[in-house]
Structures are given as structure tokens and as C-alpha cells.
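Worksheet: the structure to be examined is printed underneath.
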Amino acid sequence: MCNSKLKMIQQSKKEALERQGQSVQNMRTSFDNLNSVMHRAVKALKNLEGSLGDSGNEGKVDIEDVRREVSSIIDEVE
Numbered sequence: 407m408c409n410s411k412l413k414m415i416q417q418s419k420k421e422a423l424e425r426q427g428q429s430v431q432n433m434r435t436s437f438d439n440l441n442s443v444m445h446r447a448v449k450a451l452k453n454l455e456g457s458l459g460d461s462g463n464e465g466k467v468d469i470e471d472v473r474r475e476v477s478s479i480i481d482e483v484e
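In terms of our numbering, the sequence shown opens at residue 407 and continues consecutively.
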């Protein structure tokens, strides 16, 4: 009886460690995804800033492209 309880405890510990490992992996994946989205957001903002700052390109920013990119980033974050 004591042996079966010990096996149950060991199995529970093993399962808890597996769940913990999966949680850590999920957090890493979430962080990687967030990092990727943040890089895209910064790149989009830099492109927009560059387009607005070029003296020859004033007024040539395609607002629909900007909206699509921003919407895509927002969708990924949500």
C-alpha cells in the first residue's frame, strides 16, 4: 500500500513537472510572438516616419497601406 502511494506521488510530481515545462514553453512562444509583432510595429512606424520626413514624398503615404499594417499588428496582439 505504501509502495502504491509512493508511485502515485511520483506520478503526480512527474505530471506537474510536465505541465510546468509546457507552461514555460508556452510563455516562451508567446514572448517570441510578441517580440516579432513589436519588431513589425517598429519597422512600420519607421517606414511611416521616413515617408513623412522625405521632402519629395510629402503627401505620398498610402494611408490604406498604413491602416492595413496597423490593423494586422493589432489583430496579432489581441
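Don't be surprised by glycine CBs; every beta carbon is placed ideally from N, CA and C.
Query                                                                                                           : Result
Other residues of its chain near Val472: CB distance less than 8 Å, five sequence neighbours each side excluded : Ala450 and Leu454
Pairwise C-alpha distance: Ile469 and His445                                                                    : 20 Å
Residue of Lys452, Gln426 and Ser442 minimising C-alpha distance to Ile480                                      : Ser442
C-alpha distance - Ser457 paired with Met433, whole-angstrom precision                                          : 36 Å
Boundaries of the alpha helix (DSSP H) in which Asp471 is found, first to last residue                          : Ile469 to Val483
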